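Chemist: As numbered in our numbering, residues 24 to 190 make up the sequence shown, in order. We treat Cβ as the ideally placed atom computed from N, Cα and C, and that holds for glycine. Computed from a prediction, not measured in an experiment: that's the story for all the values here. Below are the structure tokens for one structure; questions will follow.
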Amino acid sequence: MTKRVVPNGYTLVQIVLHWTIAALVVFQLAVNEGVQDAFKDRAESAQPPDDLGAVLHIAVGMTILALTVIRLVIRLRRGAPEMHRANPPLVNFIGHAAHVALYGFLIGMPLTGAIAWFTGLELSAELHELGRFVLIPLIAAHALGALAEHFVFKTDSLIRMLRAERK
Ligand code: HEM
Ligand code: HEM
Numbered sequence: 024m025t026k027r028v029v030p031n032g033y034t035l036v037q038i039v040l041h042w043t044i045a046a047l048v049v050f051q052l053a054v055n056e057g058v059q060d061a062f063k064d065r066a067e068s069a070q071p072p073d074d075l076g077a078v079l080h081i082a083v084g085m086t087i088l089a090l091t092v093i094r095l096v097i098r099l100r101r102g103a104p105e106m107h108r109a110n111p112p113l114v115n116f117i118g119h120a121a122h123v124a125l126y127g128f129l130i131g132m133p134l135t136g137a138i139a140w141f142t143g144l145e146l147s148a149e150l151h152e153l154g155r156f157v158l159i160p161l162i163a164a165h166a167l168g169a170l171a172e173h174f175v176f177k178t179d180s181l182i183r184m185l186r187a188e189r190k
């Protein structure tokens, strides 16, 4: 059986997807008042959203889901670089767990939002609302971890998410 070669870095597509999705997630966390009002109106009068903020929240959220699926397919087919062996094992374990959790939220947030919006299921709306209390600290920890790897552990983790792997 041939063993798949583990890449040393990310491709340009993987890097563009990482930063595009990150920017869209920040947008979602900032722009959600319109959708909250529209969700309330919709429960009362079954009105489609007429607020631009609500339409944007739904459209951007569904785009995040689609881009994440594409990103995961690429990751499964091509792979991703390994954690740096020079790091303490605990740092790598936490870093890896954070990546898995972030992927979970990139799928889970749009799904709970869509189920709440399209079916009116209150439980899904509540899970969607609570998500941010875990997602925001998780993103902060992930970003701090990336900066710590760069400045404290002096690995090329941050650089490889900025510069595509050279063939
Ligand atoms: C990564 C994607 C998403 C993120 C990070 C996100 C984030 C948020 C946040 C932070 C809120 C405000 C919660 C609060 O303060 O109460 C919210 C509300 C809401 N979002 Fe999303 N959202 C995403 C995707 C979606 C999608 C795809 C939909 C629908 C198709 C959606 C529908 C809603 C609805 C209906 C509400 C109002 C819920 C309520 O008031 O109970 N979201 N979202
Ligand atoms: C909403 C914001 C963000 C999300 C959802 C996110 C998500 C992710 C995910 C899922 C991975 C794993 C990639 C893979 O191997 O498949 C990753 C890697 C990475 N992220 Fe983020 N990220 C966000 C913001 C940031 C920020 C602000 C920084 C920098 C300060 C950053 C730096 C990195 C780096 C350097 C890697 C590669 C780590 C490595 O290869 O060892 N991310 N990110």
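#1: Going by beta carbon distance, what residues of the same chain come within less than 6 Å of H107, once the five residues before and after it are set aside?
#2: Which value, in whole angstroms, describes the spacing of the CA atoms of H173 and N110?
#3: With the cut-off set at 9 Å, would you say L75 and L129 are in Cβ contact?
#4: Tell me the DSSP secondary structure of P71 in three-state form.
#5: Less than 8 Å between the CB of I130 and some heavy atom of ligand 2, yes or no?
#6: Quick check on the burial criterion: 16 or more other C-beta atoms within 10 angstroms. Buried or exposed for G136?
Modeler: Taking the coordinates as given:
#1: T178
#2: 11 Å
#3: no
#4: coil
#5: no
#6: buried
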